[in-house]
Amino acid sequence: MSIKISIRCFSHVRQVLGEKIIFLEVNNGSNTNDIKKIICDMAGQKLDKIPFKIAVNQTYIIEPVILEDGDELALIPPVQGG
Numbered sequence: 000m001s002i003k004i005s006i007r008c009f010s011h012v013r014q015v016l017g018e019k020i021i022f023l024e025v026n027n028g029s030n031t032n033d034i035k036k037i038i039c040d041m042a043g044q045k046l047d048k049i050p051f052k053i054a055v056n057q058t059y060i061i062e063p064v065i066l067e068d069g070d071e072l073a074l075i076p077p078v079q080g081g
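Residues in the sequence shown are numbered consecutively from 0, following numbering that gives the first Met the number 0.
1. Please look up how many angstroms separate the CB atoms of Ser29 and Leu74, rounded, as I've assumed it's under 8 Å.
2. If you draw a straight line from the C-alpha of Thr58 to the C-alpha of Glu71, how long is it?
3. Could you work out which residue in Ser10, Val55, Glu18 is closest to Ile49 when comparing CA atoms only?
4. What are the boundary residues of the beta strand (DSSP E) that includes Leu46?
5. How many whole angstroms separate the CB atoms of Asn26 and Ser1, which I take to be in contact at a CB cut-off of 8 Å?
Have a look at this one:
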């Protein structure tokens, strides 16, 4: 059985992946660590030096969190400015 999730990408993560939103179908019981690995694999080694936080349904999480069908993740790198 599988679940569908959406992943919103911001800033450098969006630049590396080339997408604002990614839709994935993953195995039931998948957690945020599994998704982080999938995303890093999609990017090759380009995300290795970009730290990012993960939010699930608009709440920052302490990993891992088991995902449910319809969850929305956000990959958020550190805030930049000047």
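Glycine included, each C-beta is placed from N, C-alpha and C at the ideal position.
For clarity, every value in this text was computed on a predicted model and none was experimentally measured.
With the structure as the only source:
1. Here residue 29 corresponds to residue number 30 of the sequence shown, with the count starting at 1. Here residue 74 corresponds to residue number 75 of the sequence shown, with the count starting at 1. That pair is no contact at about 15 Å.
2. Mapped onto the sequence shown, residue 58 falls at position 59. Mapped onto the sequence shown, residue 71 falls at position 72. Between Thr58 and Glu71, the C-alpha separation is close to 10 Å.
3. Translated into the one-based positions of the sequence shown, residue 49 becomes position 50. That would be Ser10, whose Cα lies nearest to the Cα of Ile49.
4. Start at 1 with the first residue of the sequence shown, and residue 46 comes out as number 47. Counting along the chain, Leu46 falls outside any beta strand (DSSP E), and DSSP gives it neither H nor E.
5. To locate residue 26, count along the sequence shown from 1; it is residue 27. To locate residue 1, count along the sequence shown from 1; it is residue 2. With 8 Å as the limit, Asn26 and Ser1 qualify as a contact, their Cβ atoms being about 6 Å apart.
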